[in-house]
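Everything in the sequence shown is counted per this note's numbering, starting at 61 for the first residue and increasing by one.
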Amino acid sequence: MPTIKIIDKRPEKKLKVAAYCRVSTSDADQLASLDNQKKHYEEFIKAHSEWAFVGVYSDDGISGRSINGRDGFKTLISDAMVGKIDFILTKSISRFARNTLDCLETVRTLAVKGIYVKFEQDNINTKDMDAELYMSVVSALAENESKSLSENIKWGIQKRFQDGTYKMVSPPYGYIYEEGVIKLDNEKAEIVKKIFTCGLDGLGGYAIAKKLNELSIPSPRGKKWDASTVKRIQNNIFYTGNIIFQSTYIGSDGKRHKNKNNVDAYYCEKHHDAIISQEVFDRLQKLAELREEAKEAPTKYKKRYAFSGKVCCGECNSVLRHKIQHTGDIKYPLLACPEHIRDKSKCSMKAIKEAALKDAFCTMVNKLICIKNRVLKTMLSDLSNTEIPHCENNESELDRLNSQEALLLEMQAKHNLSSSVILPELIKISKARDKIRVGENIRSKVDRKTALRELIGICDKKGVQKEFSDNIFTAIVDRVVVLSKKEIIFELKCGLRLRERLVRA
């Protein structure tokens, strides 16, 4: 009689679950909170038999306003995208991201791969049909809260600017902090005086830097002096004993910008001991102005030839510069990345021959002539079918909507209104904003249509291109991105991005 064995069922595939948590400062209390969150999530996930614990990813002392710098978050997303994670748990949208755009883009990217996120405090699971709409509103609330906190901090700093009590993180070269007070560093102060004296004697930045290096005097960073470091010292009014607070500011993009009447600046006289007089400072500034006026036009930025300002490094995004390479008696015009020239470890992009770029452009134009009827005219027809929504002033309308939103959020905070009360109005505002943005995109299409008409006109008039034309390049190319020594991308004004090989390496 045959022997029969019962075959055990195959083990069910477990859901691979990870968690993400973050605290925004490195305070001891916050770090203790982070440890508690990690422990909670590990125990919570392991308590579900149908789940497989992947790990708890975290960031400490990092702002949620941008993904940049959040290594734990980046690793989480990277692991999810390669199939290590199926489901992510996190406390709230404000912990996950305080930037609506980053949050929505990340969630959408994960959803395409079948990976979903649960925001416990907000009771949102991105697997639900209506999760994205609700999440966009809650995320906007979190972003607004972050901006409000940032504005409060800025307000406090501005108050200290106004009463002259603001303390710099570190004073400029030539000064030190001593018991909370800015005082002269006598040895370095003498070097600052020397830099100003040499400037008044007619020496330029390069000559002064060379002189300091010959004397083995270390620069502010302990390295060799260069002309730009000398110029920064000569242009800094701090050395007169006066100071301008908020000469730079951090914009809504999170980057620092030079203050060109964008925000209030505060001039404080006799803030600290002076190294040079105001008269010496003003004389040197006047001398620099006269020297600048006397320079030839090429030093001031002018588009002297077609490639000026249009060819960019695909690695570091720097604008490539014109350079001449000598091989015996033969000269080769090159386009080189300034970042690579300064520091090869920061950018590995090597220079390309200008002749190779010109050849690639001629090849690209000839291809466009061949596909003119089949591709370009079809694109023009598609763009021509787009209607433009009428709006008198998109910018003022967006300002009005933003003010409405701010008022609603302020009312919620002051009167403790429930989210369910203001949510319908916030959704209306969000939809109205989206409509304006759609209109902006369509207007962009109209600009592309004009550029496309011009491109088709050039293709109609011109035959096969055997030689490079400055006029055609300027008319149709918006930007050139150099990917490598052998490949580039032409970004045309009509919106096309065309890849071409560089034959002359």
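Note that the Cβ used here is the ideal one computed from N, Cα and C, for glycine as well.
CA nearest to the CA of residue i, picked from the options
{"i": "M424", "options": "T257, V563, V77", "result": "V563"}
{"i": "K243", "options": "K254, I255, S230", "result": "S230"}
{"i": "L344", "options": "N246, L260, K284", "result": "L260"}
{"i": "K178", "options": "F156, T150, I297, C376", "result": "T150"}
{"i": "T289", "options": "G265, I303, Q97", "result": "G265"}
{"i": "W111", "options": "L136, K74, C81, A79", "result": "K74"}
{"i": "C373", "options": "L543, S154, V167, F133", "result": "L543"}
{"i": "H29", "options": "G388, I153, Y392, E375", "result": "What is shown of the chain runs 61 to 565, which leaves residue 29 out entirely."}
{"i": "L347", "options": "A411, D403, I401, G262", "result": "G262"}
{"i": "C519", "options": "I105, L436, Y176", "result": "L436"}
{"i": "A171", "options": "R434, C430, M141, N433", "result": "M141"}
{"i": "S368", "options": "D333, E414, E339, G388", "result": "E414"}
{"i": "E375", "options": "I384, D245, S405, Y237", "result": "S405"}
{"i": "I153", "options": "Q181, K248, F133", "result": "Q181"}
{"i": "K248", "options": "P232, E238, C258", "result": "P232"}
{"i": "V333", "options": "T257, I487, I236", "result": "Sequence check: residue 333 is Asp here, not Val. Checking every option, the nearest Cα to that of D333 belongs to I236."}
Contacts around residue i, its chain only, beta-carbon distance under 6 Å, and the 5 residues preceding and following it disregarded
{"i": "H371", "result": "Strictly speaking, residue 371 in this sequence is Val, with His absent from that position. For V371, where only same-chain residues beyond five positions count, the Cβ hits under 6 Å are L380, L395, V540."}
{"i": "C554", "result": "R508, A511, L512, L515"}
{"i": "S109", "result": "none"}
{"i": "I303", "result": "C328, H331"}
{"i": "C397", "result": "C373, S378, L380, C407, M409"}
Beta-carbon proximity list for residue i, same chain, < 8 Å, skipping 5 on both sides
{"i": "G174", "result": "D146"}
{"i": "N426", "result": "V524, Q525"}
{"i": "Y101", "result": "A79, C81, V116, L149"}
Assigned secondary structure, residue i (DSSP; H/G/I helix, E/B strand, else coil)
{"i": "K74", "result": "coil"}
{"i": "T300", "result": "helix"}
{"i": "G499", "result": "At G499 the pLDDT is 48, less than 50, meaning the model places this residue with poor confidence; the figure from the coordinates comes in the next sentence. In the structure shown, G499 sits in a helix (DSSP, three-state: H, G or I)."}
{"i": "E356", "result": "Any reading at E356 must be qualified, since the residue scores a pLDDT of 45, below 50, and its modelled position is unreliable; the value itself is stated next. Correct three-state label for E356: coil."}
{"i": "I268", "result": "helix"}
{"i": "I336", "result": "coil"}
{"i": "E447", "result": "For E447, the predicted model reports a pLDDT of 48, less than 50, meaning its position is unreliable and no value from the coordinates is stated."}
{"i": "D261", "result": "coil"}
{"i": "V587", "result": "Not covered by the structure: residue 587. The range shown for the chain is 61 to 565."}
{"i": "K406", "result": "coil"}
{"i": "Q385", "result": "strand"}
{"i": "D538", "result": "strand"}
{"i": "L461", "result": "helix"}
{"i": "K60", "result": "The question about residue 60 has no answer here: the residues shown for the chain are numbered 61 through 565."}
{"i": "K391", "result": "strand"}
{"i": "K418", "result": "helix"}
{"i": "E452", "result": "Per-residue confidence for E452 stands at a pLDDT of 45, beneath the threshold of 50, marking its modelled position as unreliable; the derived number appears in the next sentence. It is coil, neither helix nor strand."}
{"i": "L512", "result": "helix"}
{"i": "C28", "result": "Nothing in the structure corresponds to residue 28, since the chain is present only between 61 and 565."}
{"i": "C81", "result": "strand"}
{"i": "L558", "result": "strand"}
{"i": "I489", "result": "helix"}
{"i": "I549", "result": "strand"}
{"i": "K243", "result": "strand"}
{"i": "N433", "result": "helix"}
{"i": "Y361", "result": "At Y361, the pLDDT of 43 sits below 50, so the modelled position is not reliable; the number obtained from the coordinates is stated separately. Of the three classes helix, strand and coil, the one that applies to Y361 here is coil, per DSSP."}
{"i": "V425", "result": "helix"}
{"i": "E329", "result": "coil"}
{"i": "V9", "result": "Nothing about residue 9 can be read from this structure; the chain reaches only from 61 to 565."}
{"i": "K370", "result": "coil"}
Cut-off 7 Å between Cβ atoms - residues of its own chain near residue i, not counting five sequence neighbours on either side
{"i": "A366", "result": "D530, F533, T534"}
{"i": "K144", "result": "K76, V114"}
{"i": "Q464", "result": "I489"}
{"i": "W285", "result": "A269, L272, N273, S279"}
{"i": "D255", "result": "Checking the sequence shown, residue 255 turns out to be Ile, not Asp. The answer, listed in chain order, is I268, V290, I293, Q294."}
{"i": "E560", "result": "A420, T423, M424, I548, F550"}
{"i": "D139", "result": "I145"}
{"i": "K98", "result": "C81, V116, S118"}
{"i": "F528", "result": "K418, F421, C422"}
{"i": "T387", "result": "none"}
{"i": "S93", "result": "V83"}
Any chain B beta carbon closer than 9 Å to residue i
{"i": "F550", "result": "The displayed structure is made up of one protein chain only, and chain B is not part of it."}
Presumed contact (8 Å Cβ cut-off) between residue i and residue j, rounded CB distance
{"i": "T300", "j": "S337", "result": "7 Å"}
{"i": "E399", "j": "S378", "result": "5 Å"}
{"i": "F341", "j": "I297", "result": "6 Å"}
{"i": "I335", "j": "G234", "result": "6 Å"}
{"i": "A492", "j": "L461", "result": "6 Å"}
{"i": "L552", "j": "D538", "result": "6 Å"}
{"i": "I412", "j": "K545", "result": "6 Å"}
{"i": "Y176", "j": "N185", "result": "6 Å"}
{"i": "D120", "j": "V167", "result": "With a Cβ gap of about 23 Å, D120 and V167 do not count as contacting."}
Taking only runs that begin and end inside the stretch 96-169, name each unbroken beta strand (DSSP E) of 3 or more residues, in chain order. 111-120, 147-150
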